[in-house]
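In what follows, a single structure is set out as structure tokens and then discussed.
Protein chains: 2
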Amino acid sequence: MNTKNKNPQSAKNVKKSANNNVIRALRPIKKRTRDMEVIDALIEMIEAAGLKIGDRLPTENELAKKLNVGRSTIREALKSWQGMGIITRNKGAGTILAAEVSSNSIYVPITLKLEAESLLRTHGVRSVLEIEATRLAAINANEKQRRLISARLEILMYDFEMGDDWREADALFHGAINEASGNPLFGQMIKQLHDVFNDIYVEPLGEARLGEASIPLHRNLAKYVVEGNADEAVRVMQEILDIVQTEVKAIINER
Amino acid sequence: MNTKNKNPQSAKNVKKSANNNVIRALRPIKKRTRDMEVIDALIEMIEAAGLKIGDRLPTENELAKKLNVGRSTIREALKSWQGMGIITRNKGAGTILAAEVSSNSIYVPITLKLEAESLLRTHGVRSVLEIEATRLAAINANEKQRRLISARLEILMYDFEMGDDWREADALFHGAINEASGNPLFGQMIKQLHDVFNDIYVEPLGEARLGEASIPLHRNLAKYVVEGNADEAVRVMQEILDIVQTEVKAIINER
DNA sequence: ATTATCTCATTGTCTGACAATGTCAAATAC
DNA sequence: GTATTTGACATTGTCAGACAATGAGATAAT
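Those protein sequences? They're chains D and L, same order as listed. Letter by letter, the first sequence follows residues 4 to 258 in this note's numbering. Letter by letter, the second sequence follows residues 4 to 258 in this note's numbering.
In structure tokens:
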């Protein structure tokens, strides 16, 4: 991304590099700064110690002493992890692991604007992903996953009919579908978008409880996914998402 | 996201709070730490000064002096922004804005695993998004956007036919389409996934130059998008993505 | 005009200190 | 004996000052 130095003309700047192929074989040397090494050491430690989400990391002083670097270096490394949501830190308490870490993890930050328009945008993107995940789930789900989907549906319908707060059951139900898609990235991104959606929604509008009218449709959704009827499952999912979208639009216009 | 504290039973822990409604009306006080305020001040400054991507931020010392906090506090705040990909910092040079910032931005970190399987997964998700973005672009693009798409196509075809490195032109071409979709979130997420894809790809396999065989198809893609023929545009896009997917699969199997 | 060198501004790291706050155990009250 | 309060301690947060490492731009040399 730092290679933004070419106007159309720059293609002609070949006077020096007589042999492009040789140059092309070179790969940029990784610039290793101190806190990157700290991060690597931390990853190694976490893997070796088998730390799980919720576990506490060693204190800054311990780490600094052990790795033989200043505490501020440790702090900066941890701060960048905090920015990426991998750890949470609490004054007086300690630092705890908030996401799974392994030597081959990679972190993708996405920035959104916190405004009403974003509601429709996040919903638009999420819809596309959910529909595809639903389609894949109908095709790929194995027996165990189908049973999980059915079970989660029952919990959802129970909560809904009892007048309880069904949102968590709803999240679990859709989570089961997304997991059955066979591509965990769908579920991960959908969840992130869902969280963002709620963050945006709750901020100006209070509690989010959208799509109540769509809950009865979930029984059909589960049915078609479990049957492996991808087309119908997609159709129902589309219907559900449309209901939510309509509600969102109504709320936005109302303001 | 911090409100994950409800087992079903916890609803019964009401012995003290006689009046739940009163309690419910309370919202948690934002815990403002020093560097959060620094971040807020920075956002304000960036908005006021109208800083754009690529612009330089004031130096750490200037910020520390101006905001009346220690330099390390400034550094930690900047570090967390760095972790979120909002700024890049260069020793000896300075700090540069790398993403759009505004007071209502929100930052979503996503973690992926860096492995061969992820290639197909990221590509799978990206495909869905690109196809939808293409469809929307064919429907929504305005005159200016159509012209931009055509112009970018010409540059791409020129680079390709001259045997130059066409990847940046390709990125710009698709960027124009994604922007024309009318939902910037598509473009943002696609770009992130694209970067991740390349990170994963380049690491074990060297230079990424996938989809060369698909470049000639881009002329049709542009044609249909500009004409507003969404169905055909989607079909061509699908074809392009399939070519890339086939190549990725071949490379993975070969190892 | 090109290249090499120098200077300086800027970020990176270290040290040491104190502040602010959550945790946990001891002390206290019932 | 049990529940509550209190306080010592550990831990993260912030500050200040110093020096190192590096990149960019100015300057000098060819």
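Beta carbons are placed, not taken as given, at the ideal position from N, Cα and C, and that holds for glycine.
ask   = Is the CB-CB distance between I142(D) and V228(D) below 7 angstroms?
value = With respect to V228(D), I142(D) sits apart: the two C-beta atoms are not nearer than 7 angstroms.
request  = Compare the beta carbon distance of L220(D) and I193(D) with 7 angstroms and say whether it is the shorter of the two.
outcome  = Inclusion of L220(D) and I193(D) in the CB contact set at 7 angstroms is not warranted, their separation being larger than that value.
task = Please list the partners that R78(L) has in chain D, where partner means a Cβ-to-Cβ separation under 7 angstroms.
result = Going along chain D in sequence order, the residues near R78(L) (Cβ under 7 angstroms) are E79.
request  = Give the residues from the stretch 124–154 of chain D that approach chain L closer than 7 angstroms (Cβ to any Cβ), ordered along the chain.
outcome  = Listed by position along the chain: R124, T125, G127, V128, V131, L132, E135.
ask   = So which residues on chain L does W84(D) lean against when the C-beta distance must stay under 8 angstroms?
value = Residues of chain L passing the Cβ test: G86.
request  = Could you list which residues in chain D have their beta carbon closer than 8 angstroms to that of L188(L), in chain order?
outcome  = Against chain D, the beta carbon of L188(L) has neighbours under 8 angstroms at L115, S121, R124, T125, G127, V128, listed in chain order.
key: chain L residues whose Cβ lies nearer than 8 angstroms to that of M240(D)   = Neighbours of M240(D) on chain L: none; closest Cβ ~13 angstroms, over 8 angstroms.
query = Looking at the structure shown, is I90(L) part of a helix, part of a strand, or coil, going by DSSP?
reply = For I90(L), the secondary structure class from DSSP, reduced to helix, strand or coil, is strand.
ask   = Once you ignore the five residues that flank E79(D) on each side, which residues in its own chain have a CB closer than 6 angstroms to its CB?
value = For E79(D), same chain residues with a beta-carbon under 6 angstroms away, outside a window of 5 residues either side, are D38 in chain order.
query = Is it right to say R212(D) is buried, meaning 16 or more other beta carbons lie within 10 angstroms of its own, or is it exposed?
reply = With fewer than 16 other beta carbons inside 10 angstroms of its own, R212(D) counts as exposed.
task = Identify whether R149(D) lies in helix, strand or coil by the three-state DSSP scheme.
result = Shown here, R149(D) sits in a helix according to DSSP, grouped into three states.
Coil, strand or helix - T137(L) by DSSP = If DSSP states are grouped into helix, strand and coil, T137(L) belongs with the helices.
request  = Grab me the residues of I99(L)'s own chain with a C-beta within less than 6 angstroms of its C-beta, minus the 5 sequence neighbours each way, in chain order.
outcome  = Closer than 6 angstroms at the Cβ level, and outside the excluded window around I99(L), lie R59, T91.
inquiry  = Whether or not the stretch 69–85 of chain D and the stretch 73–87 of chain L are in contact is what I'm after, with contact meaning three or more pairs of Cβ atoms, one per stretch, closer than 8 angstroms; do they touch?
reply    = Touching, per the Cβ criterion.
Backbone CA spacing between I46(L) and V104(L) [nearest angstrom] = Using only the alpha carbons, I get a separation of about 7 angstroms.
request  = Measure the Cβ-Cβ separation of V251(D) and L122(D) and say whether it is below 7 angstroms.
outcome  = Against a cut-off of 7 angstroms, the Cβ pair of L122(D) and V251(D) comes out as a contact.
query = Does the separation of the CB atoms of V131(L) and E135(D) fall below 7 angstroms?
reply = Less than 7 angstroms divides the Cβ of V131(L) from the Cβ of E135(D).
task = Taking C-beta pairs closer than 8 angstroms, name the residues in chain L that S217(D) reaches, listed in chain order.
result = Per Cβ cutoff of 8 angstroms: no residues; S217(D) is ~21 angstroms from chain L at best.
key: Limits of the unbroken alpha helix (DSSP H) element including I99(D)   = It is not in any alpha helix (DSSP H) - I99(D) instead sits in the beta strand (DSSP E) that spans 98–100.
task = Measure the alpha-carbon distance for N71(D) versus S75(L) and round it to whole angstroms.
result = Rounded to whole angstroms, N71(D) and S75(L) show a C-alpha spacing of 19 angstroms.
ask   = Helix, strand or coil: how does DSSP classify R59(L) here?
value = Reduced to three states, the DSSP call for R59(L) is strand.
query = Mind checking whether K83(D) and A140(D) have CB atoms under 7 angstroms apart?
reply = Residue identity check: residue 83(D) is Ser in the sequence provided, not Lys. A distance of 7 angstroms or more separates the beta carbons of S83(D) and A140(D).
message = For I158(D) and R149(D), I'd like the C-alpha separation in whole angstroms.
response = Spanning the two alpha carbons is a distance of roughly 15 angstroms.
query = Once you ignore the five residues that flank F200(L) on each side, which residues in its own chain have a CB closer than 6 angstroms to its CB?
reply = Cβ within range, chain order: T125.
Distance between L54(D) and A67(D) (C-alpha atoms, nearest Å) = CA-CA distance, A67(D) to L54(D), rounds to 19 angstroms.
Straight-line gap, M236(D) to I89(D) (C-alpha atoms, nearest Å) = First, the amino acid is wrong: residue 236(D) is Ala here, not Met. Taken atom to atom, the span from the alpha-carbon of A236(D) to that of I89(D) is near 35 angstroms.
task = Measure how close the beta-carbons of R222(D) and M165(D) come, nearest whole angstrom, since I'm counting them as under 8 angstroms.
result = Contact doesn't hold; Cβ gap of about 16 angstroms is too wide.
From D162(D), E230(D), D234(D), I218(D), residue whose alpha carbon lies closest to that of V247(D) = Comparing C-alpha distances from V247(D) to each of D162(D), E230(D), D234(D), I218(D) shows the shortest one belongs to I218(D).
ask   = Taking the alpha-carbon positions, what's the G86(D) to V128(L) distance?
value = Looking at the two C-alpha atoms, the distance is approximately 25 angstroms.
inquiry  = For A225(D), which residues in the same chain have their Cβ closer than 7 angstroms to its Cβ, ignoring the five residues on either side in sequence?
reply    = Around A225(D): I152, S153, L156.
query = Taking the alpha carbon of G97(L) as the point to measure from, which residue in E171(L), E63(L), W169(L), K69(L) has its own alpha carbon closest?
reply = Answer by Cα proximity: E63(L).
task = Note the first and the last residue of the continuous alpha helix (DSSP H) segment covering A179(D).
result = Start and end: 170–183.
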